[in-house]
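Participant: Numbering (our numbering), first residue to last: 576 to 913.
Ideal Cβ positions, reconstructed from N, Cα and C, are used throughout, including at glycine.
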Amino acid sequence: MTQHRIAVIGGDGIGPEVTSEALKVIAAAGVDLATTDFDLGASRYQRTGEVLSDETLEELRGFDAILLGAVGPAIGDTSIPPGTLERGLLLKARFGLDLFINLRPFVGVPGSIAEGADFVVIRENTEGTYAGEGGFLRHGTPHEIATQGSVNTRFGVERCVRFAFNLADSREAKKLTLVHKTNVLTFSGDLWQRTVNDVATEFPSVSVDYNHIDAACIYMVEQPSRYDVIVTDNLFGDILTDLAGAVAGGIGFAASANLNASRTGPSLFEPVHGAAHDIAGQAKANPLAAISSGALMLEFLGETEAAGRISAAVTEYAMSTTEQASTGEIGDAIAGRV
Ligand code: IPM
Ligand code: MN
576 MTQHRIAVIG GDGIGPEVTS EALKVIAAAG VDLATTDFDL GASRYQRTGE VLSDETLEEL
636 RGFDAILLGA VGPAIGDTSI PPGTLERGLL LKARFGLDLF INLRPFVGVP GSIAEGADFV
696 VIRENTEGTY AGEGGFLRHG TPHEIATQGS VNTRFGVERC VRFAFNLADS REAKKLTLVH
756 KTNVLTFSGD LWQRTVNDVA TEFPSVSVDY NHIDAACIYM VEQPSRYDVI VTDNLFGDIL
816 TDLAGAVAGG IGFAASANLN ASRTGPSLFE PVHGAAHDIA GQAKANPLAA ISSGALMLEF
876 LGETEAAGRI SAAVTEYAMS TTEQASTGEI GDAIAGRV
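See below:
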């Protein structure tokens with residue numbers, strides 16, 4: 576049996592609690608992990624002033640995968656300037672490790688708006704408005720100017736679109752929807768649309784659709800089952816996946832994989848939700864998103880069978896359980912089923 580070397584970043588708030596449930600379930604599924612804990616996040620920054628050093632990033636590069644809980648200060652905590660952890664840690668890892676695919680699967684739980692829906696959002700993860708292009712002119716003066724550009728390279732868009740097509744081709748519905756705003760963002764939108772048109776010729780069995788992002792928000796609420804694989808840019812994907820999480824049963828279920836799909840280094844797996852300091856330490860956090868992120872990690876590491884057992888257990892649990900259970904009880908319940 577292969578042993579996988581995993582860097583674990585529990586992070587802040589509920590991050591460590593949900594991550595330990597994910598590790599509990601993976602162990603119960605019989606997969607051998609050698610884990611190394613990394614103390615990173617808001618509390619580390621507050622203690623040491625360090626977010627993610629280049630040395631630590633290099634260290635992370637040496638692992639097979641990274642499992643992350645959540646990072647971020649409590650809402651209202653003004654001691655950390657906005658963006659410090661987001662840009663300095665999460666985005667530094669996404670860019671530095673070339674995690675160019677952000678894969679977020681959604682299955683509507685019973686009673687949710689998206690009940691019966693089963694779709695995946697493929698979000699480009701290293702470009703767009705997240706690239707950090709822009710700056711200030713005459714900062715702090717009445718005449719100040721702030722620009723924030725969107726970077727879209729043919730290379731970056733094409734590798735994302737091709738990944739999405741391959742995924743759509745492997746699924747039953749074989750449907751890909753590009754979500755953008757081509758009617759207004761006529762430069763980047765045109766690049767995305769042409770790339771989709773070009774790559775589509777390689778996938779004759781995949782049907783292709785297009786929605787503007789605003790319309791996609793309506794469809795996501797009114798008819799989410801129309802979607803199979805959505806491909807979109809970084810910022811649209813960020814927003815749309817929060818909405819998707821909300822309609823599919825709550826953000827407590829939403830898992831994500833930040834993939835270096837060309838496998839030149841480790842990929843990073845994390846719940847879509849944040850650190851939720853308000854419920855930290857009270858065993859109230861739903862660990863299902865973290866557990867599902869663990870399953871995505873195992874799948875990417877080739878532990879397909881164990882990943883399938885965990886996903887099935889999570890689905891079964893989510894579909895059948897309505898009572899409120901503690902974080903540990905939910906972890907135990909899933910561990911007992913794998
Ligand atoms: C997410 C988060 C991040 C993002 C933040 C924390 C930088 O919202 O993973 O969706 O905007 O990508
Ligand atoms: Mn987000």
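Distance check for Val646 and Phe738, CA to CA, integer angstroms please.
Facilitator: Locating residue 738 in the sequence shown gives position 163, counting from the first residue. Locating residue 646 in the sequence shown gives position 71, counting from the first residue. In a straight line, the C-alpha of Phe738 is about 28 Å away from that of Val646.
Participant: In chain order, which continuous runs of the alpha helix (DSSP H) of length 4 or greater are located wholly inside the segment 712–776?
Facilitator: DSSP runs (the alpha helix (DSSP H)) wholly in the segment 712–776: 729–745 and 763–775.
Participant: Hey, how far is the Cα of Gln857 from the Cα of Thr577?
Facilitator: As a first step, residue 857 must be located in the sequence shown, where it is residue number 282. As a first step, residue 577 must be located in the sequence shown, where it is residue number 2. The alpha-carbon atoms of Gln857 and Thr577 are separated by roughly 36 Å.
Participant: Within 10 angstroms of the Cβ of Asp652, are there 16 or more other Cβ atoms? Answer buried if so, exposed if not.
Facilitator: Position 77 of the sequence shown, counted from the first residue, corresponds to residue 652. The residue in question, Asp652, is exposed, as its Cβ has fewer than 16 Cβ neighbours within 10 Å.
Participant: Measure the alpha-carbon distance for Thr722 versus Ser595 and round it to whole angstroms.
Facilitator: Your numbering for residue 722 matches position 147 in the sequence shown. Your numbering for residue 595 matches position 20 in the sequence shown. If you take the alpha carbons of Thr722 and Ser595, they lie about 41 Å apart.
Participant: How about Ala689 and Ala821: are their beta carbons less than 7 Å apart?
Facilitator: As a working mapping, residue 689 is identified with position 114 in the sequence shown. As a working mapping, residue 821 is identified with position 246 in the sequence shown. Contact: no.
Participant: Would you call the CB atoms of Thr701 and Glu733 closer than 7 Å?
Facilitator: Indexing the sequence shown from 1 puts residue 701 at position 126. Indexing the sequence shown from 1 puts residue 733 at position 158. In this structure, Glu733 does not lie closer than 7 Å to Thr701 by Cβ.
Participant: Going by C-alpha to C-alpha distance, which of Ile909, Ile885 and Arg884 sits closest to Thr896?
Facilitator: In the sequence shown, counting from the first residue as 1, residue 896 sits at position 321. Closest by alpha carbon: Ile909.
Participant: Which partner residues does Leu843 have in the DSSP bridge list?
Facilitator: Within the sequence shown, numbered from 1, the residue matching residue 843 stands at position 268. Leu843 is bridged to Ile641 and Asn833.
Participant: Within 10 angstroms of the Cβ of Val759, are there 16 or more other Cβ atoms? Answer buried if so, exposed if not.
Facilitator: Working through the sequence shown from its first residue, we reach residue 759 at position 184. Classification of Val759: exposed, given that the 10 Å Cβ count is below 16.
Participant: Let's see if you can read the secondary structure: which residues bound the alpha helix (DSSP H) around Tyr892?
Facilitator: Here residue 892 refers to the residue found at position 317 when the sequence shown is read from its first residue. Thr879 to Ser895 is the span of the alpha helix (DSSP H), which, as asked, contains Tyr892.
Participant: When the Cβ atoms of the segment 770–779 are set against those of the segment 653–662, are three or more pairs found closer than 8 Å?
Facilitator: The segment 770–779 is not in contact with the segment 653–662.
Participant: Specify whether the segment 824–838 and the segment 670–683 touch according to this definition: at least 3 beta carbon pairs, one from each stretch, less than 8 Å apart.
Facilitator: These segments touch.
Participant: Taking the alpha-carbon of Thr631 as reference, which of Leu742, Ile584 and Ala860 has the nearest alpha-carbon?
Facilitator: Residue 631 sits at position 56 when you count from the first residue of the sequence shown. Checked all of Leu742, Ile584 and Ala860; the closest Cα to Thr631 is Ile584.
Participant: Do you know how far the Cα of Gly707 is from the Cα of His718?
Facilitator: As a position in the sequence shown, residue 718 is number 143, starting the count at 1. As a position in the sequence shown, residue 707 is number 132, starting the count at 1. Looking at the two C-alpha atoms, the distance is approximately 22 Å.
Participant: Taking the beta carbon of Ala609 as the centre, do at least 16 other beta carbons fall within 10 Å, making it buried, or is it exposed?
Facilitator: On the sequence shown, position 34 is the one that residue 609 refers to. Burial call: exposed.
Participant: Does the distance between the C-beta of Glu661 and the nearest non-hydrogen atom of the ligand IPM fall short of 6 Å?
Facilitator: Your numbering for residue 661 matches position 86 in the sequence shown. Yes, the ligand IPM has a heavy atom inside 6 Å of this Cβ.
Participant: Is the segment 748–763 close to the segment 797–812, with three or more CB pairs under 8 Å?
Facilitator: Yes: at least three Cβ pairs fall under 8 Å.
Participant: Look at the alpha carbon of Asp607 and the alpha carbon of Met894, and state the distance between them as a whole number of angstroms.
Facilitator: As a working note, residue 607 is residue 32 in the sequence shown. As a working note, residue 894 is residue 319 in the sequence shown. Cα to Cα, Asp607 sits roughly 28 Å from Met894.
Participant: In its own chain, which residues sit with a C-beta less than 6 Å from the C-beta of Ile905, not counting the 5 before and 5 after it?
Facilitator: If you number the sequence shown from 1, residue 905 lands on position 330. The answer, listed in chain order, is Pro862.
Participant: Helix, strand or coil for Thr536? Go by DSSP, reduced to three states.
Facilitator: Past the boundaries of the shown model lies residue 536; the chain is included only from 576 to 913, so the question cannot be answered.
Participant: Classify Glu592 as buried or exposed, calling it buried when 16 or more other Cβ atoms lie within 10 Å of its own Cβ.
Facilitator: Counted from its first residue, the sequence shown places residue 592 at position 17. So Glu592 ends up on the buried side.
Participant: Sorted by chain position, which residues of the same chain lie with C-beta nearer than 7 Å to Arg580's C-beta, five sequence neighbours on each side aside?
Facilitator: In the sequence shown, counting from the first residue as 1, residue 580 sits at position 5. Excluding residues within five positions, the ones whose Cβ falls inside 7 Å are Ala609, Phe638 and Asp639.
Participant: For the segment 669–719, which segments carrying the beta strand (DSSP E) assignment without a break, of at least 3 residues, lie completely within its bounds, in sequence order?
Facilitator: Whole beta strand (DSSP E) segments, 3+ residues: 676–682, 693–699 and 709–712.
Participant: In the structure shown, what three-state DSSP assignment does Val781 receive?
Facilitator: Here residue 781 refers to the residue found at position 206 of the sequence shown. Reduced to three states, the DSSP call for Val781 is coil.
Participant: With distances taken from CA atoms, which of Leu642, Glu625 and Phe681 is nearest Arg662?
Facilitator: Sequence index remark: in the sequence shown, residue 662 carries index 87 (1-based). Nearest option by C-alpha distance: Glu625.
Participant: Just curious, the beta strand (DSSP E) that Gln578 is in, first and last residue?
Facilitator: Against the sequence shown, residue 578 aligns to sequence position 3. First-last of the beta strand (DSSP E) with Gln578: Gln578 to Gly586.
Participant: Is the closest heavy atom of the ligand MN to the C-beta of Asp587 under 6 Å?
Facilitator: In the sequence shown, the residue the question calls residue 587 occupies position 12. Not under cutoff, so the answer is no.
Participant: Nearest by alpha-carbon distance to Ala649: which of Tyr794, Ala692, Ala819 and Gly586 is it?
Facilitator: Working through the sequence shown from its first residue, we reach residue 649 at position 74. Comparing Cα-Cα distances from Ala649 to each of Tyr794, Ala692, Ala819 and Gly586, the minimum goes to Gly586.
Participant: Just verifying my parser: in three-state terms, what is the DSSP assignment at Thr807?
Facilitator: As a first step, residue 807 must be located in the sequence shown, where it is residue number 232. In the structure shown, Thr807 sits in a strand (DSSP, three-state: E or B).
Participant: Would Leu878 be called buried (16 or more neighbouring beta carbons within 10 Å of its own) or exposed?
Facilitator: The residue given as residue 878 occupies position 303 in the sequence shown. The residue asked about is misnamed: residue 878 is Glu in this sequence, not Leu. Classification of Glu878: buried, given that the 10 Å Cβ count is 16 or more.
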